[in-house]
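Order-wise, the sequence lines are chains C and G.
The opening residue of the first sequence carries number 1 in UniProt numbering; numbering runs sequentially from there.
The opening residue of the second sequence carries number 1 in UniProt numbering; numbering runs sequentially from there.
Cβ coordinates follow ideal geometry from the N, Cα and C atoms, glycine included.
There are 2 protein chains.
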Amino acid sequence: MIEFDSEQTRQRIGTRIKDLRDEQGLSLRRLAFMVGMDHSYLSIIEKGQANATITSYVKIAIGLGVDLKDLFDI
Amino acid sequence: MIEFDSEQTRQRIGTRIKDLRDEQGLSLRRLAFMVGMDHSYLSIIEKGQANATITSYVKIAIGLGVDLKDLFDI
Chain C
1 MIEFDSEQTR QRIGTRIKDL RDEQGLSLRR LAFMVGMDHS YLSIIEKGQA NATITSYVKI
61 AIGLGVDLKD LFDI
Chain G
1 MIEFDSEQTR QRIGTRIKDL RDEQGLSLRR LAFMVGMDHS YLSIIEKGQA NATITSYVKI
61 AIGLGVDLKD LFDI
């Protein structure tokens, strides 16, 4: 069976989200509010500590105004 | 707050996964086995009926031998 480090992948995705957010000068609380997400949950997504669902990532992509695939360009 | 149709997005992602799988002549059961996933769960992911976690999509991308972002090129 295929082995892989999912936490490391989630961390790289989280860093990507944070970079995209910082580029736009959006605070974590602002983005979280925009997408109807608790800011502490968005924080742990950015740290790669949450095995979030695809719907959460779709919301984040919409809030950042980027294509979904851009979040995963890691 | 941002409204969007997450089920439609999940369906488009599921169709993308199925297309990538079909291109490689991989059966659903074969891909599911390769990534250690129940084939019925992979089936509902392909139909867009599961709000799967990012780890599930990472496994599928690895099983298909594609970059994670390719699953979301929808």
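Secondary structure in the UniProt domain "HTH cro/C1-type" (17 to 71) of chain C: the alpha helix (DSSP H) runs of 4 residues or longer, each lying completely within the stretch, are 28 to 34, 39 to 46, 54 to 64, 68 to 71 in chain order. Going by C-alpha positions, Gln24 (chain G) is about 28 angstroms away from Arg12 (chain C). Tyr57 (chain C) has a beta carbon lying within less than 9 angstroms of a beta carbon in chain G. Distance from the CA atom of Ile60 (chain G) to the CA atom of Asp73 (chain G), rounded to whole angstroms, is 14 angstroms.
DSSP, read as helix, strand or coil, puts Ile13 (chain G) in helix.
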